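Residue numbers (the working numbering): 2 to 429.
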């Protein structure tokens with residue numbers, strides 16, 4: 002049963018929120034409500050509008066239409082600082098901690114003026130207040146620890162503590178567990194559960210549905226920027242949720258059944274390869290196969306991807322690609338050998354924000370008529386094919402990628418790889 006949006010006893014209510022990027026609608030008249038002591042999980046495919054909705058409500062980006070209210074009073078912040086003053090804070094997906102500052106300074110970054118007197122900062126009081134916030138969250142480290150020794154989960158806890166220092170009534174988590182390992186993510190989930198017990202309303206975006214079912218009270222489903230519905234978690238299961246998210250049932254599985262491939266020669270062989278991080282790995286890859294490389298951050302997974310992609314050096318061992326030695330000195334060598342890489346940092350490495358959708362999708366191909374003459378019609382056809390295949394939401398091929406939603410940026414980054422027709426696709 003869909004939960005009605007009625008506005009009773011709500012901390013934050015949003016009605017008919019709309020937002021477009023480069024002419025492509027990211028949110029279409031979405032209405033949602035949040036209540037104190039409740040976790041509302043926003044779910045949907047890439048480009049569904051989840052992160053966009055949280056960023057609009059936290060005034061990180063400006064909405065195009067719709068209204069919002071807190072306890073019935075208009076809520077229309079012009080920037081993130083005004084949203085924080087109104088009691089709404091956002092914890093971003095990307096790491097947002099400075100290693101040049103102490104733990105306490107990072108936590109109290111938005112409140113340093115509160116500890117200033119006669120031109121000086123009362124560091125004792127600042128450290129005491131920051132420590133109280135960490136203890137309130139159940140953190141297992143203190144403000145006196147070395148920030149350089151903290152893991153990613155602990156650094157994310159500092160970001161949550163910074164939000165908590167602003168005395169918010171509502172905290173949004175935008176894919177905050179995306180770059181955390183299982184232990185780190187579990188620790189952050191415990192922090193979120195504690196904040197809920199303290200009466201803080203939580204907005205939670207995650208692509209890990211097990212986290213959604215673990216922590217959420219209500220699940221809000223978005224599809225193509227529109228609201229599908231808001232459902233109590235007790236009335237939802239994974240099969241039903243997948244169906245609502247993607248618009249089809251799971252008969253035979255969410256994805257098409259993998260085609261059976263005839264045994265063939267290995268397209269890639271990695272033998273005792275040691276990389277710059279000191280790790281060593283061996284693996285073999287056949288056409289049509291998927292090989293997963295797992296482990297904690299720093300255990301060698303990212304380094305072997307970088308070595309195959311030509312962005313990290315190999316200290317020892319050998320790599321064979323289609324029976325021939327593979328020793329790329331730079332990423333261009335790997336691309337020319339038919340090995341495409343989708344980096345983990347889509348904005349820093351995956352796309353060029355100032356370039357158009359067309360230019361990004363054809364960066365690795367650039368079809369030419371003769372010599373150095375670029376075949377513009379072929380470029381547009383290649384880009385159009387990827388836009389259609391990946392359902393990229395964009396007003397036109399000439400729209401700057403930086404104006405797209407995060408999910409559609411990711412699709413452009415993937416489309417760039419696929420447009421090159423690689424024999425091997427590396428996903429970091």
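The beta-carbon is built from N, C-alpha and C at its ideal position, and this holds for glycine as well.
Just so it is clear, the structure is predicted and the values come from calculations on it, not from any experiment.
Between the CA atoms of residue j and residue i - distance to the nearest angstrom
{"i": "residue 230", "j": "residue 351", "result": "32 Å"}
{"i": "residue 120", "j": "residue 129", "result": "20 Å"}
{"i": "residue 113", "j": "residue 127", "result": "8 Å"}
{"i": "residue 14", "j": "residue 74", "result": "10 Å"}
{"i": "residue 107", "j": "residue 354", "result": "29 Å"}
{"i": "residue 46", "j": "residue 312", "result": "30 Å"}
{"i": "residue 80", "j": "residue 12", "result": "19 Å"}
{"i": "residue 138", "j": "residue 92", "result": "15 Å"}
{"i": "residue 181", "j": "residue 392", "result": "28 Å"}
{"i": "residue 50", "j": "residue 235", "result": "24 Å"}
{"i": "residue 306", "j": "residue 342", "result": "8 Å"}
{"i": "residue 252", "j": "residue 72", "result": "Reliability of the predicted coordinates at residue 252 is poor, the pLDDT of 49 falling under 50, and the value obtained from them is presented with this limitation in mind. So the alpha carbons of these two residues sit roughly 43 Å apart."}
{"i": "residue 158", "j": "residue 82", "result": "20 Å"}
{"i": "residue 321", "j": "residue 338", "result": "11 Å"}
{"i": "residue 224", "j": "residue 243", "result": "11 Å"}
{"i": "residue 384", "j": "residue 347", "result": "18 Å"}
{"i": "residue 248", "j": "residue 33", "result": "20 Å"}
{"i": "residue 315", "j": "residue 30", "result": "52 Å"}
{"i": "residue 215", "j": "residue 238", "result": "12 Å"}
{"i": "residue 70", "j": "residue 331", "result": "52 Å"}
{"i": "residue 411", "j": "residue 118", "result": "47 Å"}
{"i": "residue 268", "j": "residue 285", "result": "8 Å"}
{"i": "residue 429", "j": "residue 16", "result": "38 Å"}
{"i": "residue 377", "j": "residue 328", "result": "33 Å"}
{"i": "residue 380", "j": "residue 226", "result": "29 Å"}
{"i": "residue 387", "j": "residue 148", "result": "43 Å"}
{"i": "residue 287", "j": "residue 281", "result": "20 Å"}
{"i": "residue 164", "j": "residue 194", "result": "15 Å"}
{"i": "residue 424", "j": "residue 289", "result": "9 Å"}
{"i": "residue 100", "j": "residue 333", "result": "33 Å"}
Residue i - containing beta strand (DSSP E), residue span
{"i": "residue 320", "result": "315-322"}
{"i": "residue 224", "result": "219-224"}
{"i": "residue 227", "result": "227-233"}
{"i": "residue 30", "result": "25-35"}
{"i": "residue 426", "result": "425-428"}
{"i": "residue 193", "result": "First-last for residue 193: 183-198, but that is the alpha helix (DSSP H), not the beta strand (DSSP E)."}
{"i": "residue 90", "result": "89-92"}
{"i": "residue 354", "result": "Run containing residue 354: none; DSSP gives neither H nor E here."}
{"i": "residue 204", "result": "202-206"}
{"i": "residue 286", "result": "281-286"}
Start-to-end residues for the alpha helix (DSSP H) that takes in residue i
{"i": "residue 214", "result": "210-216"}
{"i": "residue 125", "result": "124-138"}
{"i": "residue 306", "result": "302-310"}
{"i": "residue 379", "result": "377-391"}
{"i": "residue 17", "result": "From DSSP, residue 17 is part of no alpha helix (DSSP H) but of the beta strand (DSSP E) over 13-22."}
{"i": "residue 108", "result": "104-108"}
{"i": "residue 153", "result": "153-165"}
{"i": "residue 275", "result": "That residue, residue 275, is in no alpha helix (DSSP H); its beta strand (DSSP E) goes 269-276."}
{"i": "residue 420", "result": "407-420"}
{"i": "residue 240", "result": "239-247"}
Residues near residue i in its chain [Cβ-Cβ closer than 7 Å; skip 5 each side]
{"i": "residue 213", "result": "42, 44, 207, 220"}
{"i": "residue 4", "result": "Residue confidence for residue 4 is low, a pLDDT of 41 falling below 50, so the modelled location carries little weight and cannot support an answer."}
{"i": "residue 84", "result": "59, 60, 78"}
{"i": "residue 323", "result": "268"}
{"i": "residue 152", "result": "185"}
Cβ distance (whole Å) where residue i is taken to contact residue j below 8 Å
{"i": "residue 222", "j": "residue 246", "result": "6 Å"}
{"i": "residue 202", "j": "residue 35", "result": "5 Å"}
{"i": "residue 310", "j": "residue 335", "result": "5 Å"}
{"i": "residue 48", "j": "residue 394", "result": "6 Å"}
{"i": "residue 366", "j": "residue 414", "result": "Not really, about 14 Å apart at Cβ, beyond 8 Å."}
{"i": "residue 275", "j": "residue 317", "result": "5 Å"}
{"i": "residue 111", "j": "residue 171", "result": "The Cβ separation is near 16 Å, so there is no contact."}
{"i": "residue 18", "j": "residue 55", "result": "No, residue 18 and residue 55 are not in contact; Cβ-Cβ is about 11 Å, not under 8 Å."}
{"i": "residue 96", "j": "residue 156", "result": "6 Å"}
Same chain, Cβ closer than 8 Å to residue i, neighbours up to 5 away in sequence not counted
{"i": "residue 144", "result": "103, 104, 105, 108, 128, 131, 132, 135"}
{"i": "residue 39", "result": "197, 202, 203, 218, 219"}
{"i": "residue 357", "result": "398, 399, 400, 401, 402"}
{"i": "residue 209", "result": "178, 186"}
{"i": "residue 404", "result": "22, 23"}
{"i": "residue 427", "result": "306, 309, 310, 340, 341, 342, 343"}
{"i": "residue 418", "result": "341, 342, 343, 365, 426"}
{"i": "residue 368", "result": "375, 376, 379, 380, 383"}
Cutoff 6 Å; reference residue i; Cβ partners in own chain excluding five residues on either side
{"i": "residue 174", "result": "92, 205"}
{"i": "residue 416", "result": "362, 387, 391"}
{"i": "residue 90", "result": "164, 167, 169, 172"}
{"i": "residue 325", "result": "none"}
Distance cut-off 7 Å: residue i Cβ against heavy atoms of the ligand GDP
{"i": "residue 188", "result": "For the structure depicted, the ligand GDP is absent and the ligand set is empty, with no information on it obtainable."}
* Let me know the beta strand (DSSP E) ranges lying completely inside the region 325-349, each 3 residues or longer, listed in chain order. => Those beta strand (DSSP E) runs which fall completely within the region 325-349 and span 3+ residues are 340-343.
* Give, in chain order, every unbroken run of the beta strand (DSSP E) that is at least 3 residues long and sits entirely within the region 27-85. => Complete beta strand (DSSP E) runs here, min 3: 40-44, 66-71.
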